[in-house]
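Peer 1: Just passing along the structure, written as structure tokens.
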Amino acid sequence: ARLTESGTAIRYVNGLRVTDDTALACVKEAAGTVRVEIEALLSLGLANTPMAGADIRVASGNFVTAQPLGVRDGVDLLHTGEVRKIAAAAIRRRLDQHDIVLLSPIGYSPTGEIFNLSLEDVATQAAVELAADKLIFLMNTEGVPDKGRTIHNALTVNEARQVLEKAGQGKAKKLPEDVAYSLPCAITACTGGVKRAHLISRHRDGALLSELFTREGVGTLVTPAPLETLRPATIDDVGGILGLIEPLEREGILVWRSRELLEMEIDRFLVLESDGVIAGCAALYPFPEEHAAELACLAVSTDFRGRGFGDLLLAEAEKKGKKAGFKSLFVLTTRSEHWFEERGFVDSSPAHLPKGKQALYNYMRKSKVLQKSL
Ligand SMILES: CC(C)(COP(=O)(O)OP(=O)(O)OC[C@H]1O[C@@H](n2cnc3c(N)ncnc32)[C@H](O)[C@@H]1OP(=O)(O)O)[C@@H](O)C(=O)NCCC(=O)NCCS
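Encoded structure:
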């Protein structure tokens, strides 16, 4: 904006801005003004406001060492640079004193020169060097667009790479400009040790709070690995499993299990963990004489239904059963008969249950018996 005001044209070469002396003067002025304005906002401390008595110290300085981008395609990019080093230890010292460290897209070289950097580059390198838990990009758009009008809620690094690849090959819609800048940086950050990168809108009121404190969020979350893991349960999962199945037991959908029983039988359980929360579980009870196993306690938390988690748990239970040499799987259900039928289970009867199970069959519950050959 400052360049336009001063009547100077901005020159780009292959998407890279050429920073000549006039442009650098504008960059210095803009960075200085924005820094002062942010410092003023962070100094707010009026009574009866959320900032009352906040007393925040803002630290800014020469934390970023830069080097020139040099000559590209025969064009000297002059004062346009890239991050060479971040003074992570110095930043950490300020953070340890509870200061807020403000980095601007400006770096200095050991020769005393000033370079105009891309803010995404500075943010990404700083997050990696500090091994940050999160890197958040505030963009003009809502997030990474999906096929339709929606956005991707979460992407793993691999999925994010595919999105970029498809857009680059023209197999998908062109990505909005800020996504095209921020998504590769989110990938670099997540592969460099940052646990999460968020791409959210800077125009949506409360976007930051919604993204950080709601399960779904409002933008796109990029993570190094899938958020969901399917694994055998351990004793530490007992609390999580009880939290998941207790509401279903109260409704009479699942048979009641005590904590003690669950602790004893925990080896029979599989859990599906999503972002640190137990989202689903299933158990396999073997009946070796009949070469059969009961699939029991298959449950997905209401918050996570309809995402295929039930299918994942069933597939894993079937795989485990097959590996253990069972010929069939049976299930007793009062409400989910059709769900199992749609997945290859067929109607059976209590008389066809393994003997040990027949003795325990509760005729009052009138559960449907379904069976599937493995
Ligand atoms: C059955 C259950 C595990 C499915 O979990 P889920 O993760 O939502 O399942 P999926 O995402 O794999 O499948 C969802 C599909 O199943 C359908 N579905 C869910 N419950 C169903 C039911 N009781 N009967 C028929 N279909 C059902 C959904 O409508 C959805 O269909 P769609 O894909 O056509 O939209 C879950 O509903 C649950 O925990 N139920 C309560 C516990 C229970 O009854 N367990 C079985 C006895 S052990």
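Per the working numbering, residue 309 is the first one in the sequence shown, and the count goes up by one each step.
Glycine residues also receive a C-beta, built at the ideal position from the N, C-alpha and C atoms.
Given D407, which residues of its chain have a CB within under 6 Å of its CB, disregarding the five upstream and five downstream residues?
Peer 2: R365 and A367
Peer 1: Looking only at its own chain, which residues have a Cβ that is under 7 Å from the Cβ of Q433, when we skip the five neighbours before and after it?
Peer 2: For Q433, where only same-chain residues beyond five positions count, the Cβ hits under 7 Å are V391 and I394.
Peer 1: Is it the case that the CB of C589 approaches a heavy atom of ligand 1 more closely than 7 Å?
Peer 2: no
Peer 1: Is A590 near L569, with beta carbons less than 8 Å apart?
Peer 2: It is not a contact, given that the beta carbons lie outside the stated cut-off.
Peer 1: Look at the Cβ atom of V608, then the Cβ atom of I574, and state whether they are nearer than 8 Å.
Peer 2: no
Peer 1: Going along the chain, which residues of its own chain have a beta-carbon closer than 7 Å to the beta-carbon of R651, five neighbours each way excluded?
Peer 2: L622
Peer 1: Comparing C-alpha positions only, which one of P658, S675 and K674 sits nearest to A667?
Peer 2: P658
Peer 1: Do you know offhand how far A355's Cα is from I346's?
Peer 2: 20 Å
Peer 1: Answer yes or no: the CB of W564 versus the heavy atoms of ligand 1, is any distance below 7 Å?
Peer 2: no
Peer 1: I'd like to know whether the C-beta atoms of K503 and D441 end up nearer to each other than 8 Å.
Peer 2: yes
Peer 1: Report the residue ranges of all alpha helix (DSSP H) runs contained in full by the region 546–592; include only those spanning at least 4 residues, in chain order.
Peer 2: 546–558 and 567–572
Peer 1: Check whether the Cβ of F617 lies closer than 7 Å to any heavy atom of ligand 1, and answer yes or no.
Peer 2: yes
Peer 1: Quick check on the DSSP output: what are the complete alpha helix (DSSP H) runs of length 4 or more inside the region 492–527, in order along the chain?
Peer 2: 515–521, all fully within the region 492–527.
Peer 1: Give me the Cα-Cα distance between R343 and S412, rounded to the nearest whole angstrom.
Peer 2: 8 Å
Peer 1: Could you give the C-beta distance for H506 and F445, rounded to a whole number, given that I count them as a contact under 8 Å?
Peer 2: 7 Å
Peer 1: Quick one: does D329 have its CB under 8 Å from some CB of chain D?
Peer 2: You won't find chain D in this structure, because it holds only one protein chain.
Peer 1: What's the C-alpha gap between K674 and T642?
Peer 2: 7 Å
Peer 1: Could you check whether the region 551–567 touches the region 528–535, counting it as contact only if at least three pairs of C-beta atoms, one from each stretch, sit closer than 8 Å?
Peer 2: no
Peer 1: Can you find the residues in the same chain that come closer than 7 Å, C-beta to C-beta, to T531, ignoring five residues on each side of it along the sequence?
Peer 2: Here the set comprises A462, T464, C498 and R504.
Peer 1: Give me, in chain order, the residues of the same chain whose beta-carbon lies closer than 6 Å to that of E581; leave out the 5 immediate sequence neighbours on both sides.
Peer 2: T537
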